[in-house]
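Peer 1:
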Amino acid sequence: MSTNSIIAHALDNSQTALSEYDSKALLEEYDVPVTRDTLVKTAEDAARAAGELGFPVVLKACGPDISHKTERELVAVGIRDEEELREEFDRIIVNLGDDPYEGIIVYSLVAGERELVIGLIRDPQFGPCVMFGLGGIFTEILKDTSFRVAPITEADALQMMDDIRARDILGPVRGKAPADKEKLARALVGLGRLGLEQEDVAEVDVNPLIIEPDGTPVAVDALVVLARPGD
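Residue 234 is where the sequence shown ends in the working numbering, and the numbering goes up by one at each step.
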């Protein structure tokens, strides 16, 4: 499904946000590196996908109206074999109850302790603005973020990385490679472009974007919020 089709389909269904699966598909078109997700409906398909991806894997319930997945125990991380996968798949389905869902996402576990956040907001005065900062549980606690008005250049993106107090997290840390700043910069530039090209997107939140030990950034969770009529 094309970028415009993803958004059009969501708007036709009166969605206020894209599902995680669709959010990542949209962001990938704008140079944001994302996990290789497979959306499945059955435990058999989940097992098949995990076999192709290779264990360990992650399972997540997926749907445009599903939020607080961790708190509701709709996520299983680090599944190491098919028996465990089938048990966790059934547990997630039970926890969903009667809530509508699109399917269950399967993707390979992303290794890495360094977590960043990137995103997009629409400021009433300045329009689409790109955000970069320290991610994970520290996003709200430390509020170590940097913003630029779109469009931005790769030079702007690199400056954003240098603006945060925790900038050293992007360097070599405890034997881990430095973050691939070029890929991060392309992702930030892409978010700015998305904000200018997709007026129906009100907000983007990618948290966490994990830096793997080799320096590769990967978005493991993403939310695209759509503009409401009249906004």
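All C-beta atoms in this analysis are idealised placements derived from N, C-alpha and C, irrespective of residue type, glycine included.
Remember, predicted model here, so these are calculated numbers, not experimental data.
Can you check DSSP and say which residues form a bridge with residue 118?
Peer 2: 213
Peer 1: Using alpha carbons as the reference points, say which of 127, 147 and 134 lies closest to residue 172.
Peer 2: 147
Peer 1: Could you tell me the alpha carbon to alpha carbon distance between residue 30 and residue 113, rounded to whole angstroms?
Peer 2: 18 Å
Peer 1: If you reduce the DSSP assignment to three classes, tell me which class residue 99 lands in.
Peer 2: Collapsing the DSSP output to three states places residue 99 in a helix.
Peer 1: Take the Cβ of residue 67 as the centre, count every other Cβ of all protein chains shown within 10 Å, and call the residue buried at 16 or more, exposed below.
Peer 2: buried
Peer 1: Buried or exposed: residue 168, going by 16 or more other Cβ atoms within 10 Å of its Cβ?
Peer 2: exposed
Peer 1: In angstroms, rounded to a whole number, what distance separates the CA positions of residue 80 and residue 62?
Peer 2: 7 Å
Peer 1: Taking residue 128 as the reference, give the member of 158, 212, 152 and 176 with the closest Cα.
Peer 2: Nearest to residue 128 by C-alpha distance, out of 158, 212, 152 and 176, is 152.
Peer 1: Using only CA atoms, which one of 70, 42, 109 and 131 lies nearest to residue 98?
Peer 2: Considering only 70, 42, 109 and 131, the residue with the shortest C-alpha distance to residue 98 is 70.
Peer 1: Return the bridge partner residues of residue 236 from the DSSP annotation.
Peer 2: The structure shown does not extend to residue 236, since the chain is modelled only from 4 to 234, so the question has no answer here.
Peer 1: With a Cβ-Cβ cutoff of 7 Å, do residue 215 and residue 115 count as a contact?
Peer 2: yes
Peer 1: Using only the alpha-carbon positions, how far apart do residue 237 and residue 86 sit?
Peer 2: Within the shown structure, residues of the chain are numbered from 4 to 234, placing residue 237 beyond reach of any answer.
Peer 1: Could I get the ranges of all uninterrupted beta strand (DSSP E) runs contained in the region 37–120, with 3 residues as the minimum, in chain order?
Peer 2: 41–43, 60–65, 78–82 and 106–111
Peer 1: Compare the beta carbon distance of residue 198 and residue 119 with 7 Å and say whether it is the shorter of the two.
Peer 2: no
Peer 1: At which residues does the alpha helix (DSSP H) containing residue 169 begin and terminate?
Peer 2: Where residue 169 is concerned, there is no enclosing alpha helix (DSSP H), given that its DSSP letter is neither H nor E.
Peer 1: Among 203, 117, 144 and 204, which residue has its Cα nearest to the Cα of residue 179?
Peer 2: 117
Peer 1: In this structure, what does DSSP give as the bridge partners for residue 182?
Peer 2: Per DSSP, none; premise fails for residue 182.
Peer 1: Check this for me: beta carbons of residue 155 and residue 192, under 7 Å apart or not?
Peer 2: Residue 155 is a Cβ neighbour of residue 192, given a cutoff of 7 Å.
Peer 1: Classify residue 202: buried if its beta carbon has 16 or more other beta carbons within 10 angstroms, exposed otherwise.
Peer 2: exposed
Peer 1: For residue 149, count neighbouring Cβ atoms within 10 angstroms of its own Cβ and tell me buried if that reaches 16, exposed if not.
Peer 2: buried
Peer 1: Taking Cβ to Cβ, would you say residue 24 is nearer than 7 Å to residue 108?
Peer 2: yes
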